Each structure stands twice: as C-alpha cells, then as structure tokens.
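Here's the structure we're looking at; comments come further down.
Residue numbers (our numbering): 317 to 565.
Below is the structure:
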C-alpha cells in the first residue's frame with residue numbers, strides 16, 4: 317500500500333491516535349510514523365485504533381477477534397423487531413462479544429451467554445464485557461457441544477461462512493490480520509452452520525428462534541438446511557443482499 321492510497325480521513329485518525337498515545341510530546345511524530353507504517357502494511361485501521369463503536373456500545377478489537385461489520389449491527393436491529401426472547405439467549409461464535417453484549421444491553425433481565433471455540437476470542441469478549449459493565453457469561457465450546465440449552469429460547473449465530481478455497485482471494489487486511497478460524501466456513505462455506513443446525517435438531521428444544529447471518533450467495537442452500545423448521549424468513553442487508561435467516565423450532 318502507498319501513502320497516496322490512504323484516504324485523508326484515515327490519516328487524520330492515525331494522527332489522533334498518535335496524540336492519544338503521548339499527547340503533544342516530542343515523540344508524537346515518531347508514534348504517527350509507527351502507526352502509518354502499520355497501516356501501509358495493510359493492518360486494519362480498527363486494530364490500530366484499538367476500539368470500534370458497535371450499535372450503542374464500544375468494543376476493543378485486535379487480532380484475537382474478527383472486526384464487527386455493519387451487517388452484524390443491522391442483525392441486532394432485525395432481532396429487536398422480529399423476536400421476543402423471554403428466558404435465555406445464546407450467541408454462538410461470539411468473537412469480540414458484540415452480539416452477546418448488545419443482547420444484554422437490550423434485554424438486561426435475560427441471561428445471555430456467548431460461546432466460542434477460540435480461547436483468544438473469549439478473552440477479548442470478557443474484556444469487552446468489563447469495558448461496558450455488562451454481565452454476560454462466556455463459555456468455550458465447539459458450537460453447542462459443552463452447552464446446556466434447556467431454557468434457551470433464542471440462538472444467534474454469525475459463524476464462519478467463507479468457502480475454504482476462496483479465502484486467499486480476500487483483501488490483505490482480512491486474510492493477513494483477522495483470525496482465520498473466524499472466516500473459514502469449510503469446503504462449501506456451510507459446514508459450520510449446518511453442524512449447528514444439526515446439533516439443535518438433535519436436542520429436545522421447543523419454542524426456539526434461530527437467527528443466522530449468512531453468505532449472501534448461499535441463501536437457498538441455507539433455507540434447504542432449515543426445511544423442517546417453522547416460520548423461516550430470509551432478510552436482506554442494507555445493500556439489498558440476502559444476509560439473514562430466522563427460523564423457529
């Protein structure tokens with residue numbers, strides 16, 4: 317990346333970050349140069365700045381977790397409008413904790429649990445819970461393997477959905493810095509989502525709503541996986557792409 321390819325607003329944000337590190341000290345220019353080098357090496361601006369806004373909360377982000385996307389913020393809006401959790405919420409593949417924490421902020425009297433297979437992701441999710449003073453449980457598990465689901469009435473999952481053979485085509489900012497485990501959806505991109513659906517179907521759970529964020533090119537295949545479910549709904553994101561599937565069991 318060349319400095320001429322970095323937008324002015326990003327350069328301004330890097331200067332603000334340098335000031336944040338050392339105020340107006342003489343090392344400010346050196347700090348700015350260090351931050352600029354990181355950006356020139358394609359490191360995401362969000363990791364350099366360390367914190368990102370998400371819906372109504374603030375999140376710390378680094379290479380332990382995927383950077384929350386605007387599509388996931390819109391998922392929160394759809395959940396507010398289309399579900400009515402009363403007992404317990406599970407966020408599977410919690411990453412930074414963004415979904416679980418927003419659920420707790422919106423439904424403070426409901427138990428919320430964030431689940432991830434990555435110990436590193438869980439460590440930053442816990443930091444974000446402390447940052448926002450939100451009491452969310454975080455558990456390490458491969459999807460539902462170690463999770464009790466008796467009282468759960470809402471499961472939200474933004475799982476890896478990028479086909480393995482297309483990972484190398486991702487932007488350098490993504491493939492060189494964001495955790496591969498949060499991106500790799502297996503051979504067809506549906507491997508992990510289908511495993512979760514199978515795990516839910518194998519359990520005696522009633523009155524459950526499942527909310528998925530999906531690959532926009534795999535909406536029909538995802539709907540096929542939910543052929544035995546009720547009230548299956550497909551929603552588009554703000555770019556008018558198929559992005560979310562809600563279903564009840």
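For glycine and all other residues, C-beta sits at the position ideal for the given N, C-alpha and C. Note that the structure is predicted; figures quoted are calculated from it, not measured.
{"Query": "With residue 396 as the anchor, note down where its alpha helix (DSSP H) starts and where it stops.", "Result": "386-398"}
{"Query": "Could you give the C-beta distance for residue 421 and residue 450, rounded to a whole number, given that I count them as a contact under 8 Å?", "Result": "6 Å"}
{"Query": "Consult DSSP for residue 473 and reduce its assignment to one of helix, strand or coil.", "Result": "strand"}
{"Query": "Residues in the same chain with beta-carbon distance under 8 Å from residue 493, minus the five sequence neighbours each way, listed in chain order, please.", "Result": "358, 359, 360, 363 and 379"}
{"Query": "By DSSP, does residue 421 sit in helix, in strand, or in coil?", "Result": "helix"}
{"Query": "Under a Cβ-count criterion, where at least 16 other Cβ atoms within 10 Å of its own Cβ denotes burial, should residue 367 be classed as buried or exposed?", "Result": "exposed"}
{"Query": "Give the C-beta separation of residue 444 and residue 409 to the nearest angstrom, bearing in mind that I take them to be a contact with Cβ-Cβ under 8 Å.", "Result": "Actually they do not touch by this definition, with Cβ atoms about 15 Å apart."}
{"Query": "At what residues does the alpha helix (DSSP H) containing residue 560 begin and finish?", "Result": "Taken as a continuous stretch (DSSP letters only), residue 560 belongs to no alpha helix (DSSP H), being part of the beta strand (DSSP E) at 558-564."}
{"Query": "Tell me, which residues are paired with residue 432 by DSSP?", "Result": "456"}
{"Query": "Could you tell me whether the stretch 509-518 touches the stretch 473-491, where touching means 3 or more Cβ pairs closer than 8 Å?", "Result": "yes"}
{"Query": "Of all the options 557, 325, 432 and 465, which has the alpha carbon lying nearest to the alpha carbon of residue 533?", "Result": "557"}
{"Query": "Look at residue 552 and residue 559 and say whether their C-beta atoms are less than 8 Å apart.", "Result": "yes"}
{"Query": "I need the boundaries of the beta strand (DSSP E) containing residue 525, first residue and last residue.", "Result": "525-529"}
{"Query": "On a Cα-Cα basis, can you pick out the residue from 468, 401, 371 and 387 that is closest to residue 529?", "Result": "387"}
{"Query": "Helix, strand or coil for residue 408? Go by DSSP, reduced to three states.", "Result": "strand"}
{"Query": "For residue 356, which residues in the same chain have their Cβ closer than 8 Å to its Cβ, ignoring the five residues on either side in sequence?", "Result": "317, 318, 319 and 322"}
{"Query": "Specify whether the stretch 427-437 and the stretch 452-459 touch according to this definition: at least 3 beta carbon pairs, one from each stretch, less than 8 Å apart.", "Result": "yes"}
{"Query": "Judging by CA-CA distance, which residue of 554, 381, 523 and 465 is the nearest neighbour of residue 563?", "Result": "523"}
{"Query": "Going along the chain, which unbroken runs of the beta strand (DSSP E) with 3 or more residues stay wholly within the stretch 466-511?", "Result": "470-473"}
{"Query": "Roughly how many angstroms separate the alpha carbons of residue 543 and residue 404, rounded to a whole number?", "Result": "25 Å"}
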